[in-house]
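**Student:**
Chains as they are written, first to last, in the working numbering: chain E, 73 to 373; chain D, 82 to 418.
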C-alpha cells in the first residue's frame with residue numbers, strides 16, 4: 073500500500089518554488105500586456121549566472137543577485153524588442169529561449185572548458201522559519217512574493233497603472249500613463265523573477281549548473297499563469313498543484329494496483345495530464361489581459 | 082611490468098606519430114555524444130576520454146560533437162562522414178536510427194554505436210556491455226550494506242537497456258539478502274538533475290538508504306540528495322567512477338568502461354582489422370565492474386566484500402548468470418553464498 077512520507081509537502085514546495093517564481097514573473101509581464109514565453113530562457117540564464125556568481129566570489133548571495141540580474145537583462149531585451157522594435161512577442165520569446173540555451177552552453181565551455189555541467193559551487197544555505205521548517209530562502213521569497221503581489225497589483229497606483237496598460241493601453245495613454253515605460257518596468261521585473269527561479273535550480277536544488285537544466289519548467293510556469301487566470305495567487309496555486317502531483321507521482325511509481333505495476337510513463341505523465349485537464353476545465357473562464365500582445369499604444373512614444 | 086613498458090613505448094611512439102599523422106591527415110576518429118554531453122561525468126565523458134586516450138596512444142586525430150537534441154544525431158554523424166572521418170562513435174542507443182540512416186550513405190566511414198544495435202552493414206559495429214553483471218554486484222553490495230533493508234533504483238527512462246541494470250541490481254540484492262526490498266522509479270529524462278534529487282528524496286523518505294541510479298545527468302541530483310541526507314545514506318554511481326562527486330556518499334559506481342571499448346575499436350581500425358557486427362563487454366573482460374570504492378571501503382563489512390568477490394568470480398566462470406530482462410529475473414533463483 074502507498075505510504076506518504078512527511079517529505080511529500082516539502083517536496084511539493086521544492087518542486088513548486090521555481091514554478092512559482094517564474095509564474096509570478098509571468099503574471100507581472102503579461103498583466104502589462106506583454107506575452108512572455110521567454111520565461112524558460114530567463115530561468116536558464118538565471119541558473120547559469122547564479123552559478124557563475126557563486127563560482128567567482130564563493131558567495132551564493134552574489135550568485136543570486138547575478139542570476140536575477142541576468143533574468144532582468146533578458147527582460148530588458150524582450151521589452152526592447154517588443155516595445156521599441158515592435159517585434160511579435162512570441163517571436164521575441166522564442167528567440168530569447170534559443171539564445172539562452174546557446175549562450176549558457178557556449179559560456180560553460182569557454183569559461184570552464186567543460187561541457188554538460190559546471191564544477192560544484194557554494195549553494196544557498198537553508199533558512200529555518202517558524203511554521204515552515206527548513207526551507208530554501210528562495211522558497212520563502214516565492215511564498216512571500218505571492219502574498220505581496222496581490223495587494224501590489226490591486227491596491228497600489230503602480231499596480232493599477234500596470235494593469236491599465238495591459239487592459240487598455242490607448243486609454244492609459246490618454247490618461248497620461250507612459251505605456252512604454254510601465255511595460256519596460258514590468259517585463260524587467262518579470263525577468264528578475266524568472267532569473268531567480270533559475271537561481272533556485274542551480275544554487276537551491278543543486279550546487280552546480282547543468283546544461284538545459286530548466287527542463288521545460290518555464291513553459292509549465294507559463295501554463296500556471298494562464299491556469300491561474302493571470303493572478304498571483306492563482307498562478308502560485310497552479311504551480312503548487314503541479315508540484316504536488318509531481319511529488320506524488322514520484323512516490324506512486326512502482327506501486328502495484330491489483331498486482332499490476334503501473335507503468336512509470338503513466339505516472340510521469342500524471343502532473344502534465346492533470347494540468348491539461350484542469351486547464352481545459354478552467355480555460356473558458358480565464359480572461360487574458362485585453363491588450364496582451366497589443367503594441368499600438370507604444371508605437372508613438 | 083612488461084605491460085607498463087609496452088604502454089610507455091606505445092605512448093612515446095604515439096606522440097611522435099601523432100604529429101606526422103595530423104600533417105598528412107591520416108586516421109581520424111570522432112565521438113558524437115547524445116544530449117547528456119561530454120561533461121555528464123558519465124557515459125559521454127568516458128567515450129570522449131577513451132577517444133582522447135586513443136588519440137595519444139595510437140596517434141590518431143580526434144574530435145567530438147555534442148548533440149543538443151535528438152534531431153541533431155543524424156546531422157552530426159553526417160558532418161564527420163562528410164569530412165572524411167574514418168571512424169565515428171555514436172554514443173547511446175537513442176542514435177540507432179540515425180546510424181541506420183547515415184551509415185549506408187558513407188561506406189568509407191566506419192560507425193560504432195555504443196549501447197545500441199547496429200544495422201547489418203559492413204561499416205557498422207555495435208559495442209555493448211553486460212550492465213546486468215555489474216549491476217548485480219552493485220545490488221548485492223547495496224543489500225549487504227543497507228541498514229533499513231530497503232534500497233532504491235532510479236532510471237532515466239523505462240527502456241530495455243535500463244531494465245538490464247534494474248534486473249541485475251534486483252537479482253544481486255535478492256542474492257545477498259532476500260529480505261531486502263527494492264523501490265524502483267524513473268525520472269523520464271536524462272538531463273534534469275533537479276528531478277533526480279527529488280526522486281531520490283522521495284525514495285529516501287520511503288525508507289531506502291542506498292539508491293543506485295542509471296539516469297544520465299539526473300544522477301548528479303541523486304548523488305546530491307545522498308549528500309544532503311548525510312551519514313548513513315548512499316548513492317551508487319553509474320558508467321564512470323562517480324565516487325569523487327560526493328566523497329563518502331557514493332558507495333560505489335557501476336562502471337561501464339566505454340573508454341576501453343572505444344580504444345579497442347580504434348585499435349582495430351588503425352590495424353585495419355575492423356570487424357562489423359557486435360562486441361559485448363562484461364565482468365570477464367573488464368568491460369563493466371564496480372569502482373575501487375576509494376572513499377567508502379571502510380563502511381563495508383569485509384565479509385560483504387568477500388561475498389561480492391565470490392559472486393564476481395561465479396559470474397566470470399559462468400556458474401551464475403545475472404538476469405538481464407524481466408523474464409530472466411522472474412526465473413532467477415538466488416544461489417547460496
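We treat Cβ as the ideally placed atom computed from N, Cα and C, and that holds for glycine.
Owing to the predicted nature of the structure, the values given are computational and were not obtained by experimental measurement.
Going along the chain, which residues of its own chain have a beta-carbon closer than 6 Å to the beta-carbon of residue 230 (chain E), five neighbours each way excluded?
**Tutor:** Closer than 6 Å at Cβ, skipping near neighbours: no residue.
**Student:** Can you list the residues of chain D that residue 155 (chain E) reaches, using a CB-CB cut of under 7 Å?
**Tutor:** Within chain D, no residue comes near residue 155 (chain E); the closest Cβ sits about 31 Å away, beyond 7 Å.
**Student:** Please name the residue or residues paired with residue 171 (chain E) in a DSSP beta bridge.
**Tutor:** For residue 171 (chain E), which the question treats as bridged, DSSP gives no partner whatsoever.
**Student:** Can you check whether the CB of residue 240 (chain D) is closer than 8 Å to the CB of residue 172 (chain D)?
**Tutor:** No, Cβ-Cβ distance for residue 172 (chain D) and residue 240 (chain D) is not below 8 Å.
**Student:** May I have the straight-line CA-CA distance separating residue 321 (chain D) from residue 267 (chain E), to the nearest angstrom?
**Tutor:** Whole-angstrom Cα-Cα distance: 32 Å.
**Student:** Of the choices E:134, E:105, E:121, E:116, whose alpha-carbon is the least far from that of residue 151 (chain E)?
**Tutor:** Nearest of E:134, E:105, E:121, E:116 to residue 151 (chain E), Cα basis: E:105.
**Student:** Grab the span of the alpha helix (DSSP H) containing residue 161 (chain D) for me, first residue to last.
**Tutor:** Per DSSP, residue 161 (chain D) belongs to the alpha helix (DSSP H) from 154 to 163.
**Student:** For the beta strand (DSSP E) that contains residue 294 (chain D), what are its first and last residues?
**Tutor:** Looking at the DSSP string, the run of the beta strand (DSSP E) that includes residue 294 (chain D) is 291 to 295.
**Student:** Specify the secondary structure class of residue 170 (chain D) as computed by DSSP and reduced to three states.
**Tutor:** Of the three classes helix, strand and coil, the one that applies to residue 170 (chain D) here is strand, per DSSP.
**Student:** Following the continuous alpha helix (DSSP H) through residue 96 (chain E), name the residue where it begins and the one where it ends.
**Tutor:** Looking at the DSSP string, the run of the alpha helix (DSSP H) that includes residue 96 (chain E) is 79 to 103.
**Student:** From E:212, E:132, E:142, E:135, pick the residue whose C-alpha is nearest to that of residue 88 (chain E); which is it?
**Tutor:** Among E:212, E:132, E:142, E:135, the Cα nearest to that of residue 88 (chain E) belongs to E:212.
**Student:** Return the bridge partner residues of residue 217 (chain D) from the DSSP annotation.
**Tutor:** Residue 217 (chain D) pairs with nothing; no bridge assigned.
**Student:** Give a yes or no on whether the minimum CB-CB distance between residue 312 (chain D) and chain E is below 8 Å.
**Tutor:** Not closer than 8 Å to any Cβ of chain E, the Cβ of residue 312 (chain D) fails to qualify, so no.
**Student:** Is it true that the CB of residue 326 (chain E) sits closer than 8 Å to the CB of residue 333 (chain E)?
**Tutor:** Cβ atoms of residue 333 (chain E) and residue 326 (chain E): closer than 8 Å.
**Student:** My output table needs one value for residue 194 (chain E): the three-state DSSP class, helix, strand or coil.
**Tutor:** DSSP places residue 194 (chain E) in coil when its eight states are reduced to three.
**Student:** Please classify residue 331 (chain D): does DSSP put it in a helix, a strand, or coil?
**Tutor:** Strand.
**Student:** Do residue 262 (chain E) and residue 97 (chain E) come within 8 Å of each other at the CB atom, strictly closer than that value?
**Tutor:** Taking 8 Å as the Cβ cut-off, residue 97 (chain E) and residue 262 (chain E) qualify as a contacting pair.
**Student:** Going by the beta-carbon positions, is the gap between residue 302 (chain D) and residue 275 (chain D) smaller than 8 Å?
**Tutor:** Yes.
**Student:** For the alpha helix (DSSP H) holding residue 250 (chain D), just list the boundary residues, first then last.
**Tutor:** Note, residue 250 (chain D): alpha helix (DSSP H), 241 to 257.
**Student:** Can you check whether the CB of residue 159 (chain E) is closer than 8 Å to the CB of residue 110 (chain E)?
**Tutor:** No, they are not a contact pair.
**Student:** Confirm the yes/no value for this check: CB of residue 219 (chain D), any heavy atom of the ligand HEM, distance under 7 Å.
**Tutor:** In the structure shown, the ligand HEM is absent, as is every other ligand, since no ligand is present at all.
**Student:** Within the 8 Å Cβ cut-off, does residue 267 (chain D) reach chain E?
**Tutor:** Chain E contact via Cβ: present.
**Student:** Pick out whichever of D:232, D:270, D:257 has its Cα sitting closest to the Cα of residue 287 (chain D).
**Tutor:** Of D:232, D:270, D:257, the residue nearest in Cα terms is D:232.
**Student:** Determine the direct distance from the alpha carbon of residue 276 (chain E) to that of residue 210 (chain E), and round the result to whole angstroms.
**Tutor:** Each residue's Cα considered, the two are about 8 Å apart.
**Student:** Can you tell me whether DSSP reads residue 270 (chain D) as helix, strand or coil?
**Tutor:** Looking at residue 270 (chain D) - three-state DSSP - the assignment turns out to be coil, as it is neither helix nor strand.
**Student:** If the cut is a Cβ gap below 9 Å, which residues of chain E does residue 298 (chain D) touch?
**Tutor:** In chain order: 188, 189, 282, 283, 285.
**Student:** Counting along the chain, where does the beta strand (DSSP E) carrying residue 207 (chain E) start and finish?
**Tutor:** Its beta strand (DSSP E) spans residues 205 to 207.
**Student:** Between the Cα of residue 293 (chain D) and the Cα atoms of D:263, D:403, D:164, which residue gives the shortest distance?
**Tutor:** Closest option to residue 293 (chain D), Cα to Cα, is D:263.
**Student:** Can you have a look at residue 138 (chain D) and say buried or exposed, based on whether 16 or more other CB atoms are within 10 angstroms of its CB?
**Tutor:** The residue is buried, with at least 16 neighbouring Cβ atoms inside 10 Å.
**Student:** Answer yes or no: does any C-beta atom of chain D fall closer than 8 Å to that of residue 230 (chain E)?
**Tutor:** Judged by the 8 Å Cβ criterion, residue 230 (chain E) is not in contact with chain D.
**Student:** Does DSSP put residue 163 (chain E) in a helix, in a strand, or in coil?
**Tutor:** Note: residue 163 (chain E) maps to helix in three-state DSSP.
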